[in-house]
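Just so you know, the sequence shown maps onto residues 1 to 65 in UniProt numbering. Quick notes on the structure that follows.
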Amino acid sequence: MGSALLAIDTGLMGPNYSISTACAMANYCFYSAANLIRRDEANIMLAAGTEEEELAGGEGLSWLR
Numbered sequence: 001m002g003s004a005l006l007a008i009d010t011g012l013m014g015p016n017y018s019i020s021t022a023c024a025m026a027n028y029c030f031y032s033a034a035n036l037i038r039r040d041e042a043n044i045m046l047a048a049g050t051e052e053e054e055l056a057g058g059e060g061l062s063w064l065r
């Protein structure tokens with residue numbers, strides 16, 4: 001949900017999903033984003049990970065504002 005809200009707020013388009021795998025989440029997100037680029041399904045990706053779920057108004061990716 002947090003990634004969808006971020007995409008809406010910033011106008012980002014393309015694949016958008018949240019992965020919940022605890023501590024391995026960021027690594028899996030980077031791997032998944034790299035594979036989308038390798039397969040020419042995306043030119044550029046924004047990948048990030050946070051341990052707790054962030055909803056509207058959360059601080060997980062506040063540095064993007």
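From the three backbone atoms N, C-alpha and C, an ideal C-beta is built for every residue, glycine too.
At which residues does the alpha helix (DSSP H) containing residue i begin and terminate?
{"i": "N16", "result": "No alpha helix (DSSP H) contains N16, which DSSP labels as neither H nor E."}
{"i": "C29", "result": "M25 to R38"}
Return helix, strand or coil for residue i, following the three-state DSSP convention.
{"i": "G2", "result": "helix"}
{"i": "A48", "result": "coil"}
{"i": "A7", "result": "helix"}
Since residue i and residue j should fall inside the 8 Å C-beta cutoff, what is the C-beta to C-beta distance between them, to a whole number of angstroms?
{"i": "M25", "j": "G49", "result": "4 Å"}
{"i": "A47", "j": "F30", "result": "5 Å"}
Quick one: what's got a C-beta closer than 8 Å to residue i's C-beta in the same chain, skipping five residues either side?
{"i": "N43", "result": "I37"}
{"i": "A7", "result": "M13 and N16"}
Can you give me the Cβ contacts of residue i inside the same chain, cut-off strictly under 6 Å, excluding the 5 residues immediately before and after it?
{"i": "T21", "result": "Y28"}
Whose C-beta lies closer than 7 Å to the C-beta of residue i among residues of the same chain, with five residues either side of it excluded?
{"i": "N45", "result": "According to the sequence provided, residue 45 is Met. The question's Asn does not apply to it. Cβ neighbours of M45 beyond the five flanking positions: A33, L36 and I37."}
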